[in-house]
Amino acid sequence: MSNITFYTNPMSRGQIARWALHEAGAEYSAIILDYGSTMKGADYLAINPMGKVPAIVHQGRTVTECAAICAYLAEAFPDAGLAPKPDERADYYRWLFFTAGPLEQAITDKNLGIIPTADQERMAGYGNLDRVIDTLEAHLADRDYVCGDRFTMADVYVGSQVDWGLQFGTLPERDAFTAYAGRMRARDAYRAAKAIDTAEIEEMQRKG
Numbered sequence: 001m002s003n004i005t006f007y008t009n010p011m012s013r014g015q016i017a018r019w020a021l022h023e024a025g026a027e028y029s030a031i032i033l034d035y036g037s038t039m040k041g042a043d044y045l046a047i048n049p050m051g052k053v054p055a056i057v058h059q060g061r062t063v064t065e066c067a068a069i070c071a072y073l074a075e076a077f078p079d080a081g082l083a084p085k086p087d088e089r090a091d092y093y094r095w096l097f098f099t100a101g102p103l104e105q106a107i108t109d110k111n112l113g114i115i116p117t118a119d120q121e122r123m124a125g126y127g128n129l130d131r132v133i134d135t136l137e138a139h140l141a142d143r144d145y146v147c148g149d150r151f152t153m154a155d156v157y158v159g160s161q162v163d164w165g166l167q168f169g170t171l172p173e174r175d176a177f178t179a180y181a182g183r184m185r186a187r188d189a190y191r192a193a194k195a196i197d198t199a200e201i202e203e204m205q206r207k208g
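To convert, note that position 62 of the sequence shown is 62 in UniProt numbering; the numbers rise steadily by one, no gaps.
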């Protein structure tokens, strides 16, 4: 399997993609982009016209959006065993996209000061943030991982959102969330990826 080019910034959702790359056992070369310059430069805009990271280029094809990158890597590196088995597919895709859609949108809206009224909830795909949080909590309360007792690539994405939500206070400190995040933080691939991003952040801060 050919090497992957990984475009990222350590202070971004690129942390999700790096963790996914490590879980998949993929060989990759990282290109660190700066928000104010290279991320909006012509070279990168030819790869992702949104001017956002992360993105990966594999065998000449580009994949953007963290949930898509996670799902792609699970299929591109089947030996890692991170793609869903037939009886796991429903939970795998449901909660991968629930987290990428309703959860992230509801949290973003709240951070922007957008709180839908009761009438507006019918237009918002997530309804309201409390319902989204309760729904995810209920799913994680009686299982170790998204698909039950086995870690899959869905846990990289869902786990990242729960991990960050607890860290930044956008998710409440509920037992199901803290226990789940603890299992994610204990993984070797999580720790290896996090160590790289932490070192990159420290280097960026040192340079000022």
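Glycine included, every Cβ here is placed at the ideal spot set by N, Cα and C. Bear in mind that the values here come from a model prediction, so they are computed numbers and not experimental data.
Residue i: first and last residue of the uninterrupted alpha helix (DSSP H) it sits in
i, result
"valine 158", "153-168"
"valine 132", "129-140"
"residue 286", "What is shown of the chain runs 1 to 208, which leaves residue 286 out entirely."
Among the options, the one whose alpha carbon lies nearest that of residue i
i, options, result
"proline 44", "Glu75, Asn9, Ala17, Ala67", "According to the sequence as given, residue 44 is tyrosine; it is not proline. When only C-alpha atoms are compared, the closest one is Asn9."
"serine 29", "Leu21, Ile47, Tyr35", "Leu21"
"alanine 141", "Tyr180, Ala74, Gln15", "Tyr180"
"aspartate 175", "Asp134, Ala192, Phe168, Phe6", "Asp134"
"glutamate 104", "Asp79, Arg122, Asp130, Ala90", "Asp130"
"leucine 136", "Ala124, Gln161, Phe151", "Gln161"
CB contact flag (residue i, residue j, <8 Å)
i, j, result
"aspartate 163", "arginine 185", "yes"
"leucine 96", "tyrosine 157", "yes"
"isoleucine 201", "arginine 18", "no"
"glutamate 27", "methionine 153", "no"
Euclidean distance between Cα positions of residue i and residue j
i, j, result
"leucine 171", "aspartate 144", "18 Å"
"lysine 194", "glycine 60", "27 Å"
"methionine 1", "glycine 148", "Its pLDDT being 46, under 50, methionine 1 is placed unreliably by the model, and the measurement read from it follows with that caveat. Methionine 1 and glycine 148: Cα-Cα distance of roughly 30 Å."
"arginine 206", "glycine 165", "27 Å"
Terminal residues of the beta strand (DSSP E) in which residue i lies
i, result
"arginine 183", "No beta strand (DSSP E) contains arginine 183, which is instead part of the alpha helix (DSSP H) from 175-185."
Are at least three pairs of beta-carbons, each pair with one atom in the region 89-100 and one in the region 57-73, less than 8 Å apart? yes
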